[in-house]
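Residue numbers for the sequence shown follow the numbering used here, so the first one is 738 and each next one is one higher. From the three backbone atoms N, C-alpha and C, an ideal C-beta is built for every residue, glycine too. Remember, predicted model here, so these are calculated numbers, not experimental data.
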Amino acid sequence: MAAVLVATVTPASAIQAPVAFGAAALPSWQANGVAWAVANAGGQVFVGGTFTSIRPPGSPAGTGEQPRTNLAVFDAATGEPTACAPTFTLKSGTATVRALAVSPDGATLYVGGSFDTVSGTPRQQLAAIDIASCTLITAFAPLPDGPVRSIVTDAQTVWFGGSFTKVGAAVRSKAAAVTAVTVGATTTAPGTLTAWDPALDNDVLALALRPSGGQVVLGGLFDTATGAASHGLVVVDATTGTAVRRFTPAYVPASSRVKAIAVDATGFYVANEGYGTGSFDGRFAVDWDTWTQRWRDGCLGATQAVAVYQGVLYSASHAHDCRPISAYPDEQRHHFLAETTQTGDKPSLLSWFPNTDDGIGEHIGPRAITIAQTASRGAVLWGVGEFTNVNGVAQQSITRFGSGPEQAAPSATPFLLTSPAPGQVRVAWRRSLDLDDSTLTYRVYREGTTAPIATTSATSWFWNRPQSTVLDSGLTVGSTPRYRVEVSDGNTTRTTDWRGITVRGTTSAYAEQVRADGAVFLWRYDEAGDVLVSDSIANQSGALNGGATFRVPGAVGDDPSTARTLNGGGSTIFSEVRYAAPKSFTEETWFKTTTTAGGKIMGFGDRRTLNSSSNDKHVYMTNSGRLVFGVLAGGKVVTLSTTGSYNDGQWHHVAATQGSSGMVLYVDGAKVSSNSTTTNQNVSGYWRVGGDTISTAWPDKPTNTSFVGSLDETAYYAKALSAAQVARHVEIARGAAPADTTPPTVPGTPTATVEGDQVRLTWTPSTDAVGVTSYVVHRSDTSGSTPSAATAVANPTTTTATDDPATGTWYYRVTAKDAAGNTSPASPEVAVTLQQGAPTVNLVPTADAFANEGSPGTNYGTSTQMTSRGDQGAIAYLRFDVPAAPAGTTLTGATLRLRTSSDKLAGSTDTASVRLATGNWGESTLTWRNKPVSGSVVLGTVPGGTTPEQSFAVVLTPGALTPGTTVTLAIRGSGSDNLTLWTREQSRVDTRPALDLQFS
């Protein structure tokens, strides 16, 4: 007997270097509110925020609480609170501690925030606490007139920033420096204001001191420093406040702000929070010596805090989309991350993924982190914020992670046994997830052997957990060996149960044919449960998200392989592997359903578990049971569809291909439709089975996007299969079928509509035992004529056609054809009288942009999205050139067509009004300061309750639009919820705004 390994590498270790901390949370006390700030020194950790009590680890609110008013002190190693409990209060309003810093000698704690009293003594916004005695240092009283948000200190000076405009009686805009509390004799009283004055125009949220001294880095909301532009970030001289290095919007865009800054000897690391279109939420590194950007991490999800330790940058954020650094797609938020500091272009995420919820307050999650050195535990990372659970366990506001021995353990290992060939057993498993170790060691055992039959190490991340495989050969046909899989991170070992299988003496003809035809993956759905969807070709496995019924009878006769039934409600299967968008491909699967609500059978999207914002290359079923195969080619929806329905409760095979000759749709081995389109959407993503987004841009959008029904033998090929190959798959599964000689049924009587100078015809579909492939529309000027080649005017593949005849009376009939060439009898005729009519005009905007009160000087003219909002206003503007009315007509109708963007917050609960606006404006120059004036009359209303990627038509008052003029339409929301729309800059033509005018 022999076992064949897919890969072998060295065994795993528990915490994977260079990460220094485990992902398992240590027991920590909790606060009953939000913790905003954290600092440490001398084996103690100081936590500031908005809270009135703390309670023990694991205790629910109201249990075992000890009073602490906005500041608590803990032992850094044990996590236990100390007796130090100064209070920070405000006579009117809610007091909060927002900034903490400890002097280099560890003697003094500087506290900033919004308060006016410390332990009964008046003290305004900034105070100093003697750590040894836990008492207020009364001599330190700078008295800023507004909240303090950040503090940094050395032995002589305390720099602080926030929302103030004065310190004492002296003018200091948003940042100032005072003398520090010193030990021993000094000629200057502590808290004395210095000459340092960077003169910022808006709030400071972050400060950092260069380790070698001499320079201070400031971050926040400001646009200018010392009178010159430097949005969000500036480096100044530590003594004078003079700017040493300013930064352009290429570093911090106008729609972003700096929330935190960390430093090491080589450079500084900037945490950013974006708001609105074109924002930046991630992190970037700047070198001290050259002031150039070392790398940039474009993860989406605002970053609140950063800390550097031993060459690793730890961050607190709610990052939900890290595709910009080749990591996970847009899905669940992840609140703690670690990444390399010394790297080029963009960093790489490291193996450290503890997580929290969004929590209370602003629902951001963690807000600040610090790394404390302890004698008994080594380094401990403390995180504080708004969260109410950590790693799925209740824990409010405070958490910590040690450097050992506590670590996360490997997750369970779903595995599948198959016998793909005589004398062979294939053991396939989904790689485990370990939150602090991405490389794990696996051992496969066969019952009756002491040593493993195979040992392998493999890498996995929470967004990429493909299968690993071992092939055990030389086994006796008919025997029933049992196997188990063991996984270890070097600290914890986890073992599956024993499972048995009967060794086959034959192969699967179907699976072998798919393999021979070059499939990238084949999912056969033989699992008894679990989330694993094993790949029978290589290791391109999938995973189940949601519920399903396992091992139902399959579609392939004389094959023990089974199928899987998806139960709807969002249940889908996604590929573990992220693929580049294929230029040529085949997707195929067997399906069986009786649904009358449709759903996506298979497709390609940019997200794994959430609804994709970009997707195409899909096959979906309409409510009537017809199949649609579609791609986006140059932003345009291109589809093929069947005329027959396939929701009859029987197994059917569908294959959709695209290659150098175009698109082809096959059903049950026969080609039913084709075209010459050779391109599709160039967005990398995942193969999705059983559900994903189907926007209203796609024809006959079904009620459900989730498919309810059974699936079997799902495969993907990075090429277009031939018609013979597709037919062979069906032949193997079903056996040879008799020739089809039965014509389709008679199509329904056409319904005719005159649209301008054209006739639009629709009819109810024919049915056919195999499938209707096309229709022929016949036109004659004589009633009762017999259809012939001479009367044929259209050959559609759907039940809709458009004809462009001359004026007069015409008689139309329709026939249907199936894949075997059989033609149905002709439908009853419909008569149409055509007269020349006035046109409908479809306009695209000549300019569109939006103005943002929150960033009044910013122009968004090149953005693909525009925002409308009532509170802290944002107004979207569109300009149209309205043509003169055709002779003898007037403007009788106007409809504005809009579509929300793919951003998950694009929809709005608020309505938005459409009004005329006056004033000259340019798409490349529009800002809040020079925006047009909106009129008082409402022409139409955008409905509330919209969702992302939703198209809607707003009926406007036509009398307000004057033909032969240029008009500007202004869209403004009625409340605080953003409405985000696609603009004319969007590459997808079907998503752009348009104005339809009707003349009569």
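For residue i, three-class secondary structure by DSSP
i	result
Gln893	coil
Arg835	strand
Tyr1247	helix
Val1117	strand
Glu1566	coil
Asp1727	helix
Ala844	coil
Pro1695	helix
Ile1469	helix
Arg1666	coil
Val1374	strand
Gln1462	helix
Arg1606	strand
Ala1158	coil
Asp1296	coil
Ala1434	coil
Arg1252	helix
Val1314	coil
Asn1348	coil
Asp1405	coil
Trp1658	coil
Paired residues, beta bridge with residue i - DSSP
i	result
His1515	Ala1529 and Arg1550
Tyr1046	Val1049
Arg1183	Tyr1220
Ser1650	Thr1678 and Arg1709
Val981	In DSSP, Val981 forms no bridge with anything.
Glu1324	Ala1393 and Tyr1453
Asp1272	Trp1260
Asp1585	Leu1615
Asp867	Thr845 and Thr872
His1355	Gly1367
Distance, residue j Cα to residue i Cα
i	j	result
Ala715	Gly978	In this structure the chain extends from 738 to 1737, so residue 715 is not present and cannot be described.
Val1214	Thr1196	34 Å
Leu1458	His1466	11 Å
Leu1086	Trp1500	56 Å
Asp1647	Tyr1614	18 Å
Leu1118	Ser1140	8 Å
Asp1058	Pro1189	39 Å
Ala1158	Ala1470	18 Å
Gly1335	Ser1350	20 Å
Asp1555	Thr1717	46 Å
Val989	Gly1710	28 Å
Arg1315	Glu817	45 Å
Pro755	Ala761	17 Å
Val889	Trp896	5 Å
Ala1131	Gly795	7 Å
Gln1395	Ser1321	5 Å
Thr833	Phe877	19 Å
Val885	Tyr1051	24 Å
Ser1517	Asp1437	30 Å
Val1691	Ser1421	34 Å
Ala945	Ser1638	38 Å
Cβ-based burial, residue i [other Cβ within 10 Å; buried from 16]
i	result
Lys1329	buried
Ser1398	exposed
Thr1720	buried
Ile752	buried
Gln1133	buried
Thr1570	exposed
Leu1642	exposed
Proximity test, Cβ basis, 9 Å: residue i and chain C
i	result
Ala1280	Within the model displayed, chain C is absent; a lone protein chain is all it includes.
Cβ-heavy atom distance, residue i to the ligand SAM, below 8 Å
i	result
Thr1029	The ligand SAM is absent from the structure shown, which contains no ligand whatsoever.
Within the stretch 1014-1090, ranges of the beta strand (DSSP E) (whole runs, at least 3 residues): The stretch 1014-1090 is shown to contain whole beta strand (DSSP E) runs of 3 or more residues at 1020-1024, 1030-1034, 1040-1046, 1049-1056 and 1071-1077, in chain order.
Would you mind listing the beta strand (DSSP E) stretches within the stretch 869-939 that are 3+ residues and don't spill past its ends, in chain order? Qualifying beta strand (DSSP E) stretches, in chain order: 885-890, 894-899 and 912-916.
As an exercise, report each continuous beta strand (DSSP E) stretch of at least 3 residues that is fully enclosed by the stretch 744-808, in chain order. 771-778, 781-787 and 790-792, all fully within the stretch 744-808.
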